[in-house]
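Inspection log for the structure reproduced underneath, given as structure tokens.
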Amino acid sequence: MSAFFGTSPLSQSVAILLIGAGTTIAVSLAGNALGLLIAVPVCFMRLSQARAARAMGIAYVSFFRGVPLLVQLLIVYYFLPALGLDLPPFVAAAIGLGVCTAAYQAENLRGGFLIIPKGQNDAARAFGYTGVQTRRYILIPQALRAAAPTLINEMILILKASSLVSVVGVEDLMRVSQNIVARDLRPIRWYMAAAVIYLVINLALALLGRAAERRLSAGYARVTL
Amino acid sequence: MSAELSLITTYGPQLLEGFRLTVLIWLLGSALAVTLGFVLGLALSAGGPALTLPVRAYVEFFRGTPLLAQLFLAYYGGPSIGITLDAFTVGLCGLGLYGAAYFAEIFRAGFASIPAGQLEAARSFSLSRRARIRYIILPQLLVLAVPASTNLLIILLKDTAILSIVTVPELTFQVTGMTLETFTFVEPFAALAAFYWALTELVAFLGRRAELRLGVYLRPEMRGAE
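In structure tokens form, the structure reads like this:
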């Protein structure tokens, strides 16, 4: 690293800041991926015709959307080891972010499913698609397309919320900028730098999101109001 | 016991005032966010590049930076460019402008989810643009938008706690002050968390009721509400 950034205090700090940004990207990507993996079954539970499954889906959303993320992170990091499950900080943070965002993403995704006309499900079944195939090939792609902007909203919220993961010992962008400020006492410079990096990451996320939307919309006519 | 009672009589009015302010600022801020968000979402969906570019920049700025940073900028940075606002105004407008960026994307998703054929049909029936939006688009758009909006209203409710940092005397501000004066921490903050949780449950409940009403004609067997 020092070969590239040099050894002056300033370039050292910049290098540390960028490593922190990398950690922030990695932990929120991991959290978002885990979140989507959990969100899909939770969403299907919420949409289920079985009352018990629906109640479980509602309970999941209500708990993880109602309890502050900070508390959830502390539970994962401090309570799970007490049960004999010792997690490294990065994994604990990714799980904490993932289980929380899953509650929001399940609801965003559910909105996408609700607008699919009922006839499509019937038609797929009439063509002999199984329930799983109907979901995989007919329903999920359309729900993803419709809900994409709201899913990106939540991904950006989680990226910003990931600044909390320093409380469980992850050296993310927020933590390393605090460390640098503690050393050279230039809060405006480094916190502005951190803010700009967060903004740039979010812009990239938004651009990727709209590229994904365009891909998912292939074959759709453009809606003109 | 008597000590606890005196706590209630001493801090009761203050906490009640904080509660009132939290609810007020959340309701007004959300109303601003939804209204502005709808207009911005409409602009993103129907406008030309001259309109969508500035709106896109607005959305990416307010969505891409933390609410706390925006509040600091307005509250402490505002006076240096001649804009001096009181904490309540900064908090209310901050929450509204921040939320509007997310609502714009929710409504854009809603507009994009209407099948193009429906709008062609509506146009060939010579429905005006206003009528197309009111009778064709809005009822369907809301089905997609309500779960996402419920999420966002809950997020905005919890974000009102951030306003305490720019000295808006809402509930978290009052409770923080109370803990510093009385050196009791667990009970006040537990009560505070319970308050926010109860309010989020209320929002979630109202969201499910709204879905039931809006979605019932669309797919009754998959409405997913009680």
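Chains A and B, in that order, are what the protein sequence lines are.
Residue 248 is where the first sequence ends in the working numbering, and the numbering goes up by one at each step.
Residue 398 is where the second sequence ends in the working numbering, and the numbering goes up by one at each step.
Cβ atoms here follow ideal geometry from the backbone N, Cα and C, with glycine treated the same way.
Keep in mind the model is a prediction, meaning the values are calculated, not measured.
E236 (chain A): first and last residue of the uninterrupted alpha helix (DSSP H) it sits in:
P210 to L239
Going by DSSP in three states, D207 (chain A) sits in which element: helix, strand or coil?
helix
Assigned secondary structure, D195 (chain A) (DSSP; H/G/I helix, E/B strand, else coil)
The answer is coil: DSSP assigns D195 (chain A) none of H, G, I, E or B.
For Y221 (chain A), count neighbouring C-beta atoms within 10 Å of its own C-beta (all shown protein chains included) and say buried if the count is 16 or more, exposed if not.
buried
Cα-Cα, which of A:L132, A:L41, A:L70 and A:A44 is closest to L384 (chain B)?
A:L70
In three-state DSSP terms, what is T207 (chain B)?
helix
Could you give the distance in angstroms between the alpha-carbon of L324 (chain B) and the alpha-carbon of L264 (chain B)?
Between L324 (chain B) and L264 (chain B), the C-alpha separation is close to 16 Å.
Which residues in chain B have a C-beta closer than 7 Å to the C-beta of V246 (chain A)? List them in chain order.
Within chain B, the residues near V246 (chain A) are F283, A284, I286, A288 and L291.
Let's see if you can read the secondary structure: which residues bound the alpha helix (DSSP H) around Q312 (chain B)?
L310 to D331
Under the three-state reduction of DSSP, which class applies to P32 (chain A): helix, strand or coil?
Helix.
Applying the 10 Å Cβ sphere with the 16-neighbour rule, what's the burial state of R245 (chain A)?
exposed
Through-space distance from I211 (chain A) to S31 (chain A), alpha-carbon basis:
20 Å
Along chain B, in chain order, which residues have C-beta atoms closer than 8 Å to that of N176 (chain A)?
By Cβ distance, chain B contributes R235, Y274, E277, I278, A320 and L324.
Note down, one range per segment and in chain order, each alpha helix (DSSP H) of at least 4 residues found wholly within the region 120–166 of chain A.
141–149
What's the call for R304 (chain B), buried or exposed, on a 16-neighbour Cβ count within 10 Å?
buried
Spatial neighbours of A121 (chain B) within its chain, please: CB distance less than 6 Å, with the 5 preceding and 5 following residues excluded, ordered by chain position.
Here chain B has residues from 173 to 398 only, and residue 121 (chain B) is not among them.
To the nearest angstrom, how far is it from the Cα of F367 (chain B) to the Cα of A288 (chain B)?
44 Å
When DSSP labels each residue in this structure, what does S71 (chain A) get in the three-state scheme?
coil
Which residues of chain A have a Cβ atom closer than 7 Å to the Cβ of L343 (chain B), listed in chain order?
Close partners of L343 (chain B) in chain A (Cβ separation under 7 Å) are lacking, with about 14 Å as the shortest Cβ gap.
F357 (chain B) in three-state terms, based on DSSP
In the three-state reduction of the DSSP assignment, F357 (chain B) falls in the coil class.
Alpha carbon to alpha carbon, how far is V122 (chain A) from M68 (chain A)? Give it in angstroms, no decimals.
For M68 (chain A) and V122 (chain A), the distance between alpha carbons rounds to 16 Å.
Going straight from the alpha carbon of F244 (chain B) to that of L335 (chain B), what length do you get?
Cα-Cα distance, rounded: 10 Å.
May I ask you to report which of helix, strand or coil DSSP gives V90 (chain A)?
coil
Residues of chain A with CB under 9 Å from R301 (chain B), in chain order?
Around R301 (chain B), the beta-carbon contacts reaching into chain A at under 9 Å are L248.
What separation, rounded to the nearest whole angstrom, lies between the Cα atoms of E398 (chain B) and I181 (chain A)?
Low local confidence applies: a pLDDT of 40 at E398 (chain B) is under 50, so the model's placement there is unreliable, with the coordinate-based value given in what follows. One C-alpha to the other measures close to 29 Å.
Assigned exposure category for I253 (chain B) - 16 Cβ within 10 Å defines buried
Exposed.
Taking Cβ-Cβ distances shorter than 7 Å, what residues in chain B pair up with G135 (chain A)?
Residues of chain B whose Cβ lies closer than 7 Å to the Cβ of G135 (chain A) are, in chain order, L316.
I'd like to know if P32 (chain A) contacts chain B, where contact means its C-beta is closer than 7 Å to some C-beta of that chain.
no
Quick one: is T372 (chain B) near chain A, going by C-beta distance under 7 Å?
T372 (chain B) counts as touching chain A.
If the cut-off is 8 Å on Cβ atoms, which residues from the region 197–228 of chain B count as contacting chain A, listed in chain order?
L214, S217 and A218
Give me, in chain order, the residues of the same chain whose beta-carbon lies closer than 8 Å to that of S321 (chain B); leave out the 5 immediate sequence neighbours on both sides.
Excluding sequence neighbours, S321 (chain B) sits near V206, F275, I278 and G379.
Rank B:E292, B:F357 and B:A281 by C-alpha distance to the C-alpha of V318 (chain B) and give the top, closest one.
Comparing Cα-Cα distances from V318 (chain B) to each of B:E292, B:F357 and B:A281, the minimum goes to B:A281.
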